[in-house]
Each structure stands twice: as structure tokens, then as C-alpha cells.
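Each residue of the sequence shown is one higher than the last, beginning at 798 in this note's numbering. Please read the structure below before turning to the comments.
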Amino acid sequence: MTWLRAFGEVVRSGLTIEETRLEPLLALRTAAGVAIVIGPALWLVSPAYAASAALGAYSAGGATFQRTWRPRKVIALGAGAGLALSTFVGYLAAGRLVTFLPLLAVWAFAAGMAWAVGSTAGIVAATTVGSMLVTITLPTSVGRALEHAGVIALGGVTQAVLILLFPIRRWGAHRDALADALAAVADYARRLRHDPTAPFDPEPLMTARDAAAVTPSQARTRPPALHGPRGLAERIRPVVAALADPDVGAPAEGPGRDRARELLDAAADVLDAVARSIRHGTPAEVRPGSTDVLRVDEEHEVLEGPARQAAERLVELLGEALEIAGSGGARGRTPTLPGLAGAQFLVRPTMFRLVPVVLRAVRRELRRDSPVFRHAVRLAAVATLGYLIAARLPLGHGYWAPIASVMVMRPDFHRTYARAVARLAGNLAGVALATVMVRALGPDAHVFGALAVVSAGLSYTLIRTGYAYSQCFTAAYVVFLLGMGGQAWEQTVPERVVLTLLGGALAMLAYVVFPAWETPRLPGRLADWLAANGRYAAAVLRNYAEPTREHHADMRRALLASREARAAWQEAYDRARQEPVRPRGLTSREAQEAQEALKGFGRAAMLMESHVPRADSRVVPEAERFADALEADTAQAAADVREHRNPDWGRVEEALHAWEGAAGDQSPVVRREAELQKQALEDLATAVSRTPLERDVGSAREEQRVQAAAAAEGDGSGPAHRSG
């Protein structure tokens, strides 16, 4: 992608309105927290204290809107404490550049490394850098600095107390995550009716698993309806895939295919009913026609062999789902599903036990090629440079430039540039709106305080619709706060626009000077996914050779690792497609073909998982040898992909040939699934294998193809983009 086209995508992304469900009650509660701290501070103390209180309450409230599975009140308290600490420490070093700049650089670097823990930690840490830059201009002594830090922390405490006193949709995010996972499997079943090889994105299941991890205190109050359905969705997914697949399930045409479509449609209805029940906490009803379909007649059932086994298994699992749908998630009414009695919940460390986890995560990212480490370096450099440049300009409020840089910067190119564009656009609109209102109303601290609260509420309401639209009211909020403190709009508005433009430009330039491109890392991500998929497929096969509890646990761990590797690849691939970088190692077409091949390989392993025998079932001894060959060849192929060598499947071919020639082979379905795996691996080899000449000219051809596509798009002859 050329720089011009990449910047066009950045502008489009930064100004896009994201279709999402608004949460006005949450926004109202959080805005009330801002009002509670602003009002008394303004009436009883001074506008400076009101500004500090507003900073703590607003930032702590914004942190609670981030995607996290920890209680929102804990996030509010943590954000308030971090803001207070950065304020006080910043004041201690303020006054001399020789002390403040090193502190700012170290603090910004630490805030950047917080992304190693997750996006929520990174965003909250960035706000503490902004707090340090703003509030060092307010206190005049150490005592006053302590007072301002305490007022800021009080803002976080206020938000936490409001969350405790007025809970809105308690466990709502967890319910939504689980309901989304069930709805995703329902959608998958419907798509399989028309496309028996339709792909499935495991991200909703991964999100539901993250949401299912709770601390011991959370486990005591978690609704019963959130205990078992996630595992049910996990077990239904491979069964519906096996039923729909024409190679190992229902026939491609005829009465068997019609019966499979009926079962898939009924499964989708039941899963949707369960999803609605869990999302809203009410009993859900399933259409009578769907329940009638879920009956396997011993005499008149048209499905045979593996397809019939899959149908019977699906009916059994959906029967469990119907029990959950009928219970409505009421306390004490949710049935205990088979195999879940005595099951241990997924453990999430408490805040104190999280410290060593954080340290290990940060230590893993302390390397030059890590995107998180490079982001931390950029953040530290831009924060200090922006502060120095703004201090030399004949403008007040110079901290706006480094704050703009810190708040828009992200570890990847596209989000950094998109947020820079969105922040500038939002600031222009916000300051224009606020300026008109300030001129119309005249100077009145109490009116400005009320307008600041209203702007904060609107910012919270639109926080998930797009950064530009939320930032519009955030900019207005800041202008009203400064007006409350006696700052004239003729001075603050031009300063904010110019300094925001400077901060955004510095953030963009920093990524050009010290980038962290994903494009060169694509072969490594692909290799990781290949190796993880190979371990998962081998673990499934070993369950056929020796169906034990230990092998089943190994299969589950390998499946989770495979999903994580796939998610890492998908994230890297999506970022690489938006980067103005020449392909290295893998062209975009090769990456796309390799991705489809690995999806097919994982799908073949999933089909095999759906028929894993129970402990008392007949074993398949040939599967052990094929599992060893598969794991060895995929591990070697992963190394080959990293080194840009052509992979080879010699062991897999030899093991499969021996399996086909084994006397008394009574597992044709398993062998057929193994053949599907081998075919997917051959497709992968075709996608990534190149001759020496192709290696030399591949990147040049790819660049020519991209330039031709960009030219076609520019003159209107290219394909139109789909909206949305």
C-alpha cells in the first residue's frame, strides 16, 4: 500500500462512525461523578481545585469504559490512584528541566510498556502522563501538590462509590461476551446450511473465555447462568461442522442433506434462545418446530454412519442448551451440566497477585523488535520533545502538545495515524462549539462548570462511536474548564488548535522515524500458527490412539494455543495490510492463500475432534504414528517458513501411506479426515513455496500490483468499496 492510499484509509477510519449500542445510563452515572466533585470544589474552595477534581473524576470515569473484565470500581480506584501519584511526583520534579524531563521520559516509557499487560492498562497509563503534564502548573508548594493529588484521587473514589451504589447491568459485559459466543455458533450453524465448509472465527469464544476468568471474590457472586454455556458452545461448534461436512458428515445431496439443514437450523434457533436468555437474564422460548426437529427417530432417521452419530450428539448437546434456555439464569434454577460438577473456575489473579504477572509480561517485551518496547521508546521521546518545543513557543498551555501526542499514540501505525486525524478533527469541532457558547453566555464560572459536566456526559455517551466524536465533546469540556478558571477563550482556543496539530504531527513523525511494522514479521506469525495447529492436530489424533483424560486435557490446551496463535496472526495480517511498507518474505497474495490453507488445516482437526472417542471406545493405533509425523513435519515447516525455505511433508506422506495400507483398517472416517489435513498442508506449501527466481521478483511484482490497484481505484475503474 502506498503512503497516499494508506493516509486515505487513515482519514476514513479516523472519521468513521462505529455502529455500537450506546450506554446512556453509564454515561449519566459517570457524568454525575464529575458533577459531584466539581460542584463542592467550585463553591467551597477555588476553580483550581475544581479543575483538579474534574481531572481525576473525568479520567477515572473514562477508564471504566475500557474493555476489561475486572470490576469497574477497581478500575476507577486504580486510575484515580495513578493520576494522583503522577501529579504529586511530577510537581516534586517540576521547576527545572534537568529534573522534570528525565522523570517525564521514564514515566512515559513505563506508560508505553504498560501495553504489555493490555490495552486498558496502556490507555490508563497514558492518562497519568497527561495528568503529570497538566497539574504541575497548578500547585505552588508541596503541601498544595499533596492537596491537589488528594482531590484527584477523590475523583476516582467518587466514581467507584457511584458504581457500588448504583450498579448498572451487573455482570453485563460478561453476559454479553457469553451471549456473543453462543450467537456466533448459531450464526455458524446457519451458514453451514448453505456452505458446508464455511469458516468460523473463534474470537467470540476467546473473548468469552477471557470473561469467564474470575477472581475468588467474583466467583462467589457470579450468576449461575454464566457457569456452563461457554463449554457447551465449545462442544457444539465441531459437531455442527462435522454434521454439515460432505466428506465426513451428511451427503452432499438428497434427504440426508435436507435433514442436516433442518438440524442446523434448529440448532441455531436453540442457541439464539440461550444467548437471549443469558444476555437479558430472562427465560427464553424456542419455537415448537425447532424442538420437534430435535428428535432422532430410530426407525425413520435418514442419516447414517458418522452423520447420524453427529446428529445424535448434537441433539444431546442442544437438550442441555434447552435446559439453560428454560431456566432463564435465575439463581438456583440453572441446571448443572454433565461433566461440570466440581469443575474449577478459570482463575484471574487479584490486584496484588497481578504484580508478578505484570513484571513477567513487561520483561518479555523488553527487546528491540517488540512493538510494545518500540512504542514505549516513541512515547518517551515524543513526550519530552513535545514539551521542549511547546515550552519555546510564545503560547500558553504548552502541555497540550505532548498530551495530544501521548493520547493518540498506539503500538501500531494505523491506529496512531487514525487517532491523530480524529483528535484534530474532534478538537476543531469541539473548540468551535465551545467558543460559540462561551461568547454567547459570557464569563460565569458556575455556568462553565455545568457546561463542563454536560460535555463530559456527551463524551462518555459517544466514547464507543468513534474517537473523533467523543473527542469533540472532550475538547469542549477542557475549554469550559479553562473558562471556569478565568482563561479567556481568545487565548485558549487558538493555542489548543495549534498545539494539538503539533502533537499529532510529532506522533505521526515518530512512527516514521522509529516504526514497528508488522509486515516483516508475517512469516514468523504464520510459522507460529502452523506449529500450534500441528500440535493441536497431533493432540486430537493421540486421543484416537489412546483416549485418556490426560490426552483430552492436552488437546484442550493445544486448541487454546492454536487459537492464540491464529489471533496473533490475524492481528498482524490486518495491520500489515494497512501499512505503507513493501512486502518482505510474504506477498499479500501468498499471505492470503497461506491463511486459507491453515484455516482448512485447523478445520480438518476440528472435524476430527468432533468424533474423538470416549474412554471405553475402540482405539485407532495408526493415529499415533500419524500424529508424531504431523507434529514433527509442522514444527520443521514452521522453521522453514521463518527462514523462507520451502516446507516438506515427507513424514506425513509416509505415515498416511502406511495407514492406508494397514490391514484391517476400521477407521475410514478418521483416515479421511487425516487426508483432509494432508491436503491442507499441501495447499500451504503451494502458497509459500517459491523458486529462486520467484523470490527475487516476488516483491517487485507485488509492488506493481498494488500500484496498479491504487491507480485503478484513483480513476474509478477499480472495484468499489463496500460501505460499513
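For each residue, glycine too, the CB sits at the ideal point set by N, CA and C.
Between the options, which has its C-alpha nearest residue i's C-alpha?
{"i": "His991", "options": "Asp1007, Thr1079 and Glu1050", "result": "Glu1050"}
{"i": "Leu1319", "options": "Leu1296, Glu1292, Ser1385 and Leu900", "result": "Ser1385"}
{"i": "Phe906", "options": "Thr817, Phe885 and Ala1180", "result": "Ala1180"}
{"i": "Ala1101", "options": "Ala1065, Val1467, Asp1062 and Pro1048", "result": "Position check: residue 1101 holds Glu in this sequence, whereas Ala was assumed. It is Pro1048 whose Cα lies nearest to the Cα of Glu1101."}
{"i": "Ala1030", "options": "Ser843, Leu1279, Val1467 and Ser1407", "result": "Ser1407"}
{"i": "Asp977", "options": "Arg802, Pro1199 and Leu1002", "result": "Leu1002"}
{"i": "Asp1325", "options": "Arg1422, Val1438 and Trp912", "result": "Val1438"}
{"i": "Glu944", "options": "Leu1190, Arg1354, Met1206 and Thr884", "result": "Thr884"}
{"i": "Glu1451", "options": "Ala1435, Arg1032 and Glu1472", "result": "Glu1472"}
{"i": "Phe1423", "options": "Gln1433, Gln1474 and Gly952", "result": "Gln1474"}
{"i": "Asp1044", "options": "Ala1436, Leu1404, Thr1079 and Thr1483", "result": "Leu1404"}
{"i": "Gly953", "options": "Ala857, Gly927 and Thr1004", "result": "Ala857"}
{"i": "Leu1323", "options": "Pro1465, Val1485, Leu1238 and Arg1293", "result": "Val1485"}
{"i": "Pro1291", "options": "Ala1342, Phe1270, Tyr1341 and Val1228", "result": "Val1228"}
{"i": "Leu1299", "options": "Leu1221, Ala824 and Gly1280", "result": "Leu1221"}
State the DSSP-derived secondary structure class of residue i, mapped to helix, strand or coil.
{"i": "Val1235", "result": "helix"}
{"i": "Val1099", "result": "coil"}
{"i": "Val1378", "result": "coil"}
{"i": "Val1144", "result": "strand"}
{"i": "Val1011", "result": "strand"}
{"i": "Asp1209", "result": "coil"}
{"i": "Pro1132", "result": "Annotation note: pLDDT 42 at Pro1132 (below 50); position unreliable, coordinate value reported separately. Note: Pro1132 maps to coil in three-state DSSP."}
{"i": "Trp1197", "result": "helix"}
{"i": "Trp968", "result": "coil"}
{"i": "Leu1314", "result": "Correcting the residue type first, residue 1314 is Trp in the shown sequence and not Leu. Reduced to three states, the DSSP call for Trp1314 is coil."}
{"i": "Gly915", "result": "coil"}
{"i": "Glu1390", "result": "helix"}
{"i": "Phe963", "result": "coil"}
{"i": "Gly877", "result": "helix"}
{"i": "His991", "result": "helix"}
{"i": "Pro1048", "result": "coil"}
{"i": "Arg1164", "result": "coil"}
{"i": "Phe997", "result": "coil"}
{"i": "Leu1296", "result": "helix"}
{"i": "Gly1139", "result": "Note that Gly1139 has pLDDT 41, beneath the 50 cutoff, so the model's placement of it is unreliable and no number is given."}
{"i": "Asp1062", "result": "helix"}
{"i": "Ala1405", "result": "The sequence given here has Met at residue 1405, not Ala. The answer is helix: DSSP assigns Met1405 an H, G or I state."}
{"i": "Arg1360", "result": "helix"}
{"i": "Glu1368", "result": "helix"}
{"i": "Thr955", "result": "helix"}
{"i": "Pro1240", "result": "coil"}
{"i": "Asp1042", "result": "coil"}
{"i": "Met798", "result": "coil"}
{"i": "Ser1486", "result": "coil"}
{"i": "Glu944", "result": "helix"}
Closer than 8 Å: is that where the CB of residue i sits relative to any heavy atom of the ligand SAH?
{"i": "Ser928", "result": "This structure does not include the ligand SAH; it has no bound ligands of any sort."}
Quick check: residue i and residue j, are their CB atoms within less than 9 Å of each other?
{"i": "Ala1070", "j": "Glu1059", "result": "no"}
{"i": "Arg1145", "j": "Val948", "result": "no"}
{"i": "Val1449", "j": "Asp1430", "result": "yes"}
{"i": "Asp839", "j": "Gly1246", "result": "Here residue 839 turns out to be Leu, not Asp, going by the sequence shown. In contact: Leu839 and Gly1246 (Cβ atoms closer than 9 Å)."}
{"i": "Gly877", "j": "Gly892", "result": "no"}
{"i": "Thr917", "j": "Ile872", "result": "yes"}
{"i": "Glu1419", "j": "Ala1455", "result": "yes"}
{"i": "Gly1086", "j": "Ala1217", "result": "no"}
{"i": "Ala1215", "j": "Val807", "result": "yes"}
{"i": "Ile1200", "j": "Val931", "result": "yes"}
{"i": "Leu882", "j": "Thr924", "result": "no"}
{"i": "Leu975", "j": "Ala922", "result": "no"}
{"i": "Ser928", "j": "Leu880", "result": "yes"}
{"i": "Lys870", "j": "Leu961", "result": "yes"}
Original post:
For the region 953 to 972 against the region 1018 to 1028, are there 3 or more C-beta pairs whose distance is under 8 Å?
Top reply: Flag = yes, the region 953 to 972 and the region 1018 to 1028 touch.
Subject >> Cβ contact check for the region 1026 to 1037 and the region 970 to 986: 3 or more pairs under 8 Å >> reply: The region 1026 to 1037 makes contact with the region 970 to 986: 3 or more CB pairs, one atom from each, lie closer than 8 Å.
Subject >> Cβ contact (3+ pairs, closer than 8 Å) linking the region 1205 to 1212 and the region 1304 to 1317 >> reply: By the Cβ rule, the region 1205 to 1212 counts as touching the region 1304 to 1317, because three or more pairs are nearer than 8 Å.
**OP:** Taking 8 Å as the threshold, find out whether the region 1398 to 1408 comes into contact with the region 1468 to 1478 through three or more Cβ pairs.
**Re:** Contact between the region 1398 to 1408 and the region 1468 to 1478 is present, because at least three Cβ pairs lie under 8 Å.
Original post:
Three or more C-beta pairs closer than 8 Å, one from the region 1328 to 1342 and one from the region 1352 to 1362: is that the case here?
Top reply: Cβ pair count under 8 Å is three or more, so yes.
**OP:** Scan the region 1413 to 1483 and note each continuous alpha helix (DSSP H) run of 4 residues or more that stays entirely inside, going in chain order.
**Re:** Taken in chain order, the complete alpha helix (DSSP H) segments of 4 or more residues contained in the region 1413 to 1483 are 1419 to 1439 and 1447 to 1457.
Original post:
Using 8 Å as the Cβ pair cut-off and three pairs as the minimum, do the region 1267 to 1277 and the region 1166 to 1183 touch?
Top reply: The region 1267 to 1277 vs the region 1166 to 1183: no contact.
Original post:
Is the region 1232 to 1244 touching the region 810 to 827, taking contact as three or more C-beta pairs under 8 Å?
Top reply: The region 1232 to 1244, when compared against the region 810 to 827, does not touch it at the 8 Å Cβ threshold.
Subject >> Segment contact flag, the region 938 to 958 with the region 894 to 902, C-beta cutoff 8 Å, min 3 pairs >> reply: Per the Cβ contact rule, the region 938 to 958 is not in contact with the region 894 to 902 (fewer than 3 Cβ pairs under 8 Å).
Original post:
Could you give the uninterrupted runs of the alpha helix (DSSP H) lying entirely in the region 805 to 879, keeping only those of 4 residues or more?
Top reply: You should have 821 to 841 and 844 to 860.
**OP:** Tell me, please, whether the region 834 to 849 touches the region 858 to 871 by the rule of three or more beta-carbon pairs shorter than 8 Å.
**Re:** No: fewer than three Cβ pairs fall under 8 Å.
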